[in-house]
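Q: Sequential numbering from 1 applies to the sequence shown in the UniProt record's numbering.
Got a structure for you, written out below as structure tokens; questions coming shortly.
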Amino acid sequence: MDNGRGGAEVWTTGGVDREEHPSLSVGVRVSDAGGLSATNILTIIVDDLNDNPMKPGAKTVYLWKTQPWGNNIILKGFR
1 MDNGRGGAEV
11 WTTGGVDREE
21 HPSLSVGVRV
31 SDAGGLSATN
41 ILTIIVDDLN
51 DNPMKPGAKT
61 VYLWKTQPWG
71 NNIILKGFR
């Protein structure tokens, strides 16, 4: 807890897989110094970690002009 400032953090004891559990529901009980308390369900939406990182890529694109007599000409090669 945060020593009375009105906030808290929720931690897991291990990793959470979004494909296995896209959301988690946790019962949370809060109380004050005067003895008042309440219990509610906290729903945690699990985000996905990019487990397949992007790699730099390259692609060459050719623009062709088809001549009416059947010969093709490369206009430009882009990379």
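Every residue gets a Cβ at the ideal spot worked out from N, C-alpha and C, and that includes glycine.
At 3 residues or longer, what runs of the beta strand (DSSP E) sit wholly inside the UniProt domain "Cadherin" (16 to 58)?
A: Here the runs fully enclosed are 23 to 31, 37 to 45.
Q: Please state whether the Cβ-Cβ distance between Val46 and Val16 is less than 8 Å.
A: Yes; because the gap between Cβ atoms is below 8 Å, this pair is in contact.
Q: Cα separation between Arg79 and Gly57?
A: In this prediction, Arg79 scores a pLDDT of 48, lower than 50, which makes its location untrustworthy; no coordinate-derived value is stated.
Q: Do Ile41 and Ser31 have their C-beta atoms closer together than 8 Å?
A: Taking 8 Å as the Cβ cut-off, Ile41 and Ser31 do not qualify as a contacting pair.
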